[in-house]
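Undergrad: Quick one: the structure is below, and I'll ask about it shortly.
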Amino acid sequence: MKRKINFSAGPATLPLTVLEEAARAVLEYNDTGISILELSHRSKEFAAIVKESETLVKDLCGLDDNYEVLWLHGGGRLQFCMIPMNFLSERDAAGYIDSGHWSEEALEYAVHYGDVQILASSKESNYDRLPEWPTDIPEQLTYVHFTTNNTIFGTQWHHIPKTDVPLVADMSSDIFCRRHDYTRYALFYAAVQKNLGTPGIALVVINKDMFRRQARLVPPMLNYKAQAAEHSILNTANVFGVYTSLLMLRWIKAKGIDNIEKENKKKAQLLYDAVDNSGLFTPHVKEKADRSIMNVCFTANTPEIEKAFLARCEENNITGIKGHRSVGGFRASLYNAVSVEDVEVLVRLINPDL
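Residue numbers for the sequence shown, in my numbering: 3 to 356.
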């Protein structure tokens, strides 16, 4: 089988070694005589999977035992609900920084549970840049929520100023793409289908101090403290989803965060240089300091160029290159499993003279 070069924003490409190990486990997991798809979420084998994944997350993030690692159903959107449901009462206010589609959707969910203050937004410019980080964040806010990387528009926060208010981060599309100070956050989460596995679940890491900020009584399935007490197994867990994430965590650990960051920056630089110098395409994000190293978004200067470029991509075994329907154009997602060689193929199509 000839694998396609997959630039999809998610579900994203996975390393071949991870796919091969997952495929073996589908037939039989660790000499148990059953498939990973049949493995009980109450088994000692799955308990070991969860434990190892928790250890690897803390190790990769540089976190101590004051943090809980959870694997929860519902992807990122359920976290849009659970965060305000747990920590925002009708008497409180939370701050949201609106830098793209997903941050806007997160705040739209939050208004069902309490007062939401938009601290900064770049919506008026169609999110072609990051908004200025607010310098006067009210100390009485319950938390401040922001999205570290914006997949649809191609912006990424490369510097996050300190704040005394608990910081909550949606890191769905750039977790483990670079060295990062994860201790900055009271809670961070990631839908795993980009840098960390297959769709359907989310990684949530929460500082235990947040448990004291519980704003209302919520059912156990939607309660972070209750989920932590049961190690994310309040009901039948997505065993295969967690296992695939464990394989990805092992792969990340073996490759090394510094090596991953170096490679990701190289991939992004190659592609941005090609787009900037092509004369045929225009980058969505003009401000270079705001550009994402995970999602490079650009448009063709004419419909004819767009059509021809799409055809060239198909001829060269490239998939997942079309931009989000709300923006159009093209989007190349350069997640950790995308190789430099994959990007070089795309660069040659953008600028054949390179």
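The C-beta atom is built at its ideal place from N, Cα and C for all residues, glycine as well.
Bear in mind that the values here come from a model prediction, so they are computed numbers and not experimental data.
Out of Asp176, Val287, His161 and Glu126, state which residue places its alpha-carbon closest to the alpha-carbon of Phe155.
TA: Reading the sequence shown from its first residue, position 153 is the one you call residue 155. The shortest Cα separation from Phe155 among Asp176, Val287, His161 and Glu126 belongs to Val287.
Undergrad: When the Cα atoms are used, what is the spatial distance from Asn151 to Ser175?
TA: Along the sequence shown, read from residue 1 onward, the residue named residue 151 stands at position 149. Along the sequence shown, read from residue 1 onward, the residue named residue 175 stands at position 173. Cα to Cα, the separation comes out at about 6 Å.
Undergrad: Of all the alpha helix (DSSP H) runs that stay within the bounds of the stretch 188-254, which reach a length of 4 or more residues?
TA: Taking only runs of at least 4 residues, the alpha helix (DSSP H) segments lying wholly in the stretch 188-254 are 226-231.
Undergrad: Give the straight-line distance between the Cα atoms of Thr200 and Ile259, rounded to the nearest whole angstrom.
TA: As a working mapping, residue 200 is identified with position 198 in the sequence shown. As a working mapping, residue 259 is identified with position 257 in the sequence shown. Straight through space, the alpha carbons of Ile259 and Thr200 are spaced by roughly 20 Å.
Undergrad: Whose C-beta lies closer than 6 Å to the C-beta of Lys77 among residues of the same chain, with five residues either side of it excluded?
TA: Locating residue 77 in the sequence shown gives position 75, where the first residue counts as 1. Per the sequence shown, residue 77 should be read as Gly rather than Lys. Counting only Cβ-Cβ distances below 6 Å, and skipping sequence neighbours, we find Ala193 and Ala204.
Undergrad: What does Arg333 pair with, by DSSP beta-bridge criteria?
TA: Position 331 of the sequence shown, counted from the start, is the residue given in the question as residue 333. In DSSP, Arg333 forms a bridge with Cys299.
Undergrad: Which of the three DSSP states is assigned to Asn32 in this structure?
TA: For the purposes of this step, residue 32 is taken as residue 30 along the sequence shown, with counting starting at 1. Here Asn32 sits in coil by DSSP.
Undergrad: Any contact between the stretch 248-262 and the stretch 77-93? By contact I mean 3 or more CB pairs, one from each, below 8 Å.
TA: Touching, no.
Undergrad: Is it true that the CB of Pro136 sits closer than 7 Å to the CB of Ser123?
TA: One-based indexing of the sequence shown puts residue 123 at position 121. One-based indexing of the sequence shown puts residue 136 at position 134. No; because the gap between Cβ atoms is not below 7 Å, this pair is not in contact.
Undergrad: What are the residues that DSSP puts in a beta bridge with Tyr98?
TA: Against the sequence shown, residue 98 aligns to sequence position 96. Tyr98 pairs with Ile120 and His147.
Undergrad: At what residues does the alpha helix (DSSP H) containing Trp104 begin and finish?
TA: Sequence index remark: in the sequence shown, residue 104 carries index 102 (1-based). His103 to Ala112 is the extent of the alpha helix (DSSP H) around Trp104.
Undergrad: Can you give the beta carbon distance from Asn297 to Thr284, rounded, assuming they're within the 8 Å contact cut?
TA: As a first step, residue 297 is located in the sequence shown; it is residue number 295 there, counting from the start. As a first step, residue 284 is located in the sequence shown; it is residue number 282 there, counting from the start. In fact, because the Cβ distance is near 16 Å, the residues do not count as touching under 8 Å.
Undergrad: Whole angstroms is fine: what's the gap from Gly322's alpha carbon to Asp117's?
TA: Looking up residue 322 in the sequence shown gives position 320. Looking up residue 117 in the sequence shown gives position 115. Each residue's Cα considered, the two are about 38 Å apart.
Undergrad: Would the stretch 26-36 count as touching the stretch 309-327 if we require 3 or more Cβ pairs under 8 Å?
TA: no
Undergrad: How many whole angstroms separate the CB atoms of His103 and Ser328, which I take to be in contact at a CB cut-off of 8 Å?
TA: By one-based count along the sequence shown, residue 103 stands at place 101. By one-based count along the sequence shown, residue 328 stands at place 326. Contact flag correct, Cβ pair sits at about 7 Å.
Undergrad: Please state the DSSP three-state secondary structure of Ile85.
TA: For the purposes of this step, residue 85 is identified with residue 83 of the sequence shown, where counting begins at 1. Looking at Ile85 - three-state DSSP - the assignment turns out to be helix.
Undergrad: Check whether the stretch 259-268 and the stretch 230-244 touch, using three or more Cβ-Cβ pairs below 8 Å as the test.
TA: no
Undergrad: Within this structure, are the beta carbons of Leu41 and Gln229 separated by less than 7 Å?
TA: As a position in the sequence shown, residue 41 is number 39, starting the count at 1. As a position in the sequence shown, residue 229 is number 227, starting the count at 1. For Leu41 and Gln229, no; Cβs fall outside 7 Å.
Undergrad: In the DSSP output, what is Tyr69 paired with across the bridge?
TA: Locating residue 69 in the sequence shown gives position 67, counting from the first residue. Paired residue(s): Asn209.
Undergrad: CB-CB under 7 Å to Val349, same chain, minus the five flanking residues each way: which ones, in chain order?
TA: Taking the first residue of the sequence shown as position 1, residue 349 is located at position 347. Closer than 7 Å at Cβ, skipping near neighbours: Leu272, Leu273, Ala276 and Leu356.
Undergrad: How is Phe48 classed by DSSP in three states: helix, strand or coil?
TA: As a first step, residue 48 is located in the sequence shown; it is residue number 46 there, counting from the start. In the structure shown, Phe48 sits in a helix (DSSP, three-state: H, G or I).
Undergrad: Which class does Val170 belong to by DSSP, given the choice of helix, strand or coil?
TA: The sequence position of residue 170 within the sequence shown is 168, counting from 1. Looking at Val170 - three-state DSSP - the assignment turns out to be strand.
Undergrad: Would you say the stretch 108-116 touches the stretch 155-164, given that touching needs at least three Cβ pairs under 8 Å?
TA: Cβ pair count under 8 Å is below three, so no.
Undergrad: Out of curiosity, what's the CA-to-CA distance linking Met84 and Asn32?
TA: Looking up residue 84 in the sequence shown gives position 82. Looking up residue 32 in the sequence shown gives position 30. Whole-angstrom Cα-Cα distance: 35 Å.
Undergrad: Starting from Pro285 and walking both ways along the beta strand (DSSP E), at which residues does that stretch end?
TA: Locating residue 285 in the sequence shown gives position 283, counting from the first residue. Counting along the chain, the beta strand (DSSP E) containing Pro285 begins and ends at Phe283 to Pro285.
Undergrad: Provide the residue(s) that pair with Gln158 in DSSP beta bridges, ordered along the chain.
TA: The residue given as residue 158 occupies position 156 in the sequence shown. Paired residues: Asn151.
Undergrad: Work out the CA separation of Thr153 and Ala95 for me, nearest whole Å.
TA: In the sequence shown, residue 95 corresponds to position 93, counting from 1. In the sequence shown, residue 153 corresponds to position 151, counting from 1. Looking at the two C-alpha atoms, the distance is approximately 27 Å.
Undergrad: Should Pro354 go down as buried or exposed, given a rule of 16 or more other Cβ atoms within 10 Å for buried?
TA: Here the question's residue 354 lines up with position 352 in the sequence shown. Looking at its Cβ environment, which holds fewer than 16 other Cβ atoms inside 10 Å, Pro354 is exposed.
Undergrad: Which residues in the same chain have their Cβ closer than 6 Å to the Cβ of Tyr337, if we skip the five residues on either side of it in sequence?
TA: Translated into positions along the sequence shown, residue 337 becomes position 335. Hits under 6 Å: Ala14, Lys196 and Asn197.
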